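A quick write-up on the structure given underneath.
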Amino acid sequence: MRSAILKTALSALAAVLLAGAPAQAVGKPDALALPDGFQPEGIATGPGPYAYFGSRATGDIYRADLRTGKGSVVSKGPGTPSLGLKTDGRGRLFVAGGSGGNARVIDLRTGAVLKSYTLATGPSFVNDVILTGHAAYFTDSTNPVLYKLPLGRGGSLPAEAVKIPLTGAIQYTTGINANGIAPSPDRESLLIVQSTTGKLFEVDPSSGVTTEVDLGGESLLNGDGLLLSGRTLYAVQNRLNTVAVVSLARDGSSGQVVKRLTDPRFDIPTTVAAFGDRLYLPNGRFTTTPAPDTPYTVVAITR
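Here is the structure:
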């Protein structure tokens with residue numbers, strides 16, 4: 002009897018240990034397949050081992066399990082783009098609406114749109130979004146303005162957005178202007194990259210005044226998604242198939258490009274998010290004419 006009890010206990014312990022470590026035993030995939038014709042742009046990771054992707058074709062939101070690579074559409078789009086994405090700790094996804102001139106907040110549990118905001122009524126390109134402790138900020142690549150959603154008590158959503166004109170060093174020109182956005186390391190300001198000039202700017206979120214970040218002569222040309230980790234900024238340079246790794250001063254006023262990451266699987270990556278020791282980048286494939294059967298992938302690299 003004692004031997005049988007011991008055997009049962011050991012079997013149960015083995016089952017618990019195996020159940021607790023599937024990722025180590027199986028390994029996470031190095032690439033994820035998105036639906037054919039999806040045309041991805043934005044990515045957000047978490048909560049948990051999940052990544053969310055927005056379609057610039059339909060605005061659909063696709064969720065993938067980073068442990069298995071499997072996924073599905075969890076929220077149908079409005080027929081206009083879903084570009085930059087960010088998730089919060091309250092089970093919500095904030096979505097930049099591109100040429101639709103809007104922003105949406107989606108319930109990750111149900112896929113329902115909690116609230117939609119009209120940010121611009123004329124030509125616009127609402128490109129990316131960042132969440133701070135008290136607000137969401139959206140860039141517009143066409144108009145020199147940030148759109149702010151001030152969050153209330155408990156993260157409650159506001160009735161409407163606030164426009165913050167961008168002034169100072171940044172000068173809008175033809176092409177894609179303010180694109181990716183991230184906080185500064187000290188969280189006192191915001192950082193935005195101007196794709197068409199390759200410049201990085203620091204922004205006072207209360208006034209919209211911008212100053213150019215001193216990168217020692219380096220350029221972030223074709224800069225797209227930004228990701229801050231500590232004092233390291235990852236800046237995707239989409240058409241260069243490169244991620245610039247920038248070591249920033251604590252206040253974000255200066256930085257040094259310490260290396261550039263690339264991968265033969267890159268096909269114009271657009272944005273970047275992290276999970277564990279990996280960076281995940283969706284391939285936008287901007288030089289490929291999109292069709293319903295065009296394949297799209299997400300590439301994982303070690304950071």
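For the sequence shown, the numbering used here begins at 2 and goes up steadily by one. Glycine is no exception: its CB is placed at the ideal position from the N, C-alpha and C atoms. The model shown is predicted, which means the values in this text are computed figures rather than measured ones.
| Does DSSP put Leu241 in a helix, in a strand, or in coil? | helix
According to DSSP, is Gly155 helix, strand or coil? Under the three-state reduction of DSSP output, Gly155 falls in the helix class.
**Message:** So, at 6 Å on beta carbons, what are the nonlocal neighbours of Glu219 in its own chain, with the 5 sequence-adjacent residues on each side left out?
**Reply:** Val258
**Message:** Please return the same chain residues whose Cβ sits closer than 8 Å to the Cβ of Tyr51, not counting the five positions on each side in sequence.
**Reply:** Arg64, Ala65, Asp66, Leu67
Checklist line | DSSP three-state assignment for Thr46, whether helix, strand or coil | finding: strand
Straight-line gap, Thr233 to Val247 (C-alpha atoms, nearest Å)
6 Å
Check whether the Cβ atoms of Leu201 and Val194 sit closer than 8 Å, and answer yes or no. yes
Point to revise | Continuous beta strand (DSSP E) stretch holding Val214: start and end | key: Val214 -> no beta strand (DSSP E), and no H or E assigned at all.
Answer yes if the stretch 235-252 comes into contact with the stretch 29-42, meaning at least three C-beta pairs across the two stretches below 8 Å, and no otherwise. no
With which residues is Thr140 paired in a DSSP beta bridge? Leu147
Helix, strand or coil for Tyr173, going by three-state DSSP, please let me know. coil
Q: Can you tell me which of the three DSSP states Asn180 falls into?
A: strand
Checklist entry - Is Gly38 near Ser83, with beta carbons less than 8 Å apart? => result Contact: no.
Euclidean distance between Cα positions of Ile177 and Ala136: Going by the C-alpha atoms only, they are around 24 Å apart.
Next on the checklist: Going by DSSP in three states, Arg68 sits in which element: helix, strand or coil?
Outcome noted: coil
Next item on the list: May I ask you to report which of helix, strand or coil DSSP gives Lys200?
Entry: strand
Next on the checklist: Need the endpoints of the beta strand (DSSP E) that Lys260 sits in, please.
Outcome noted: 256-262
Notebook entry, point to check: Any idea what DSSP makes of Pro270, helix, strand or coil?
Noted result: strand
At least 3 beta-carbon pairs within less than 8 Å: the stretch 183-190 vs the stretch 141-152: no
| So Leu167 and Ala183 are in contact, right, with Cβ under 8 Å, and what is the actual spacing, rounded? | Not confirmed; about 16 Å, so no contact.
* Asked: Quick one, which of Ala121, Ala170, Pro159, Lys87 has its alpha-carbon nearest Ile131's?
  -> Lys87
(Q) DSSP three-state label for Asp205, please. (A) coil
Run of the beta strand (DSSP E) containing Thr59, from where it starts to where it stops: Note, Thr59: premise wrong, no beta strand (DSSP E); not H, not E.
Tell me whether Ala160 is buried or exposed, calling it buried when 16 or more other Cβ atoms sit within 10 Å of its Cβ. It counts as exposed.
| request: Within its chain, find whatever has a CB closer than 6 Å to the CB of Ala162; leave out the 5 residues flanking it on each side and keep chain order. | output: Tyr118, Leu120, Tyr148, Leu150
Asp205 to Val96 span [Cα, whole Å]:
22 Å
Could you tell me if Leu35 is buried or exposed, where buried requires 16 or more neighbouring beta carbons within 10 angstroms of its beta carbon? Of the residues assessed, Leu35 falls on the buried side of the cut-off, its CB having 16 or more other CB atoms within 10 angstroms.
Next item on the list: Tell me whether Thr223 sits in a helix, a strand or coil according to DSSP, three-state version.
Entry: For the record, residue 223 in the displayed sequence is Asn; it is not Thr. DSSP places Asn223 in coil when its eight states are reduced to three.
Next on the checklist: Beta-carbon within less than 7 Å of Thr303's beta-carbon, same chain only, minus the 5 sequence neighbours each way: which residues are those?
Outcome noted: Asp278, Arg279
- [ ] Taking all protein chains shown into account, decide if Gln40 is buried (16 or more other Cβ within 10 angstroms of its Cβ) or exposed.
- [x] buried
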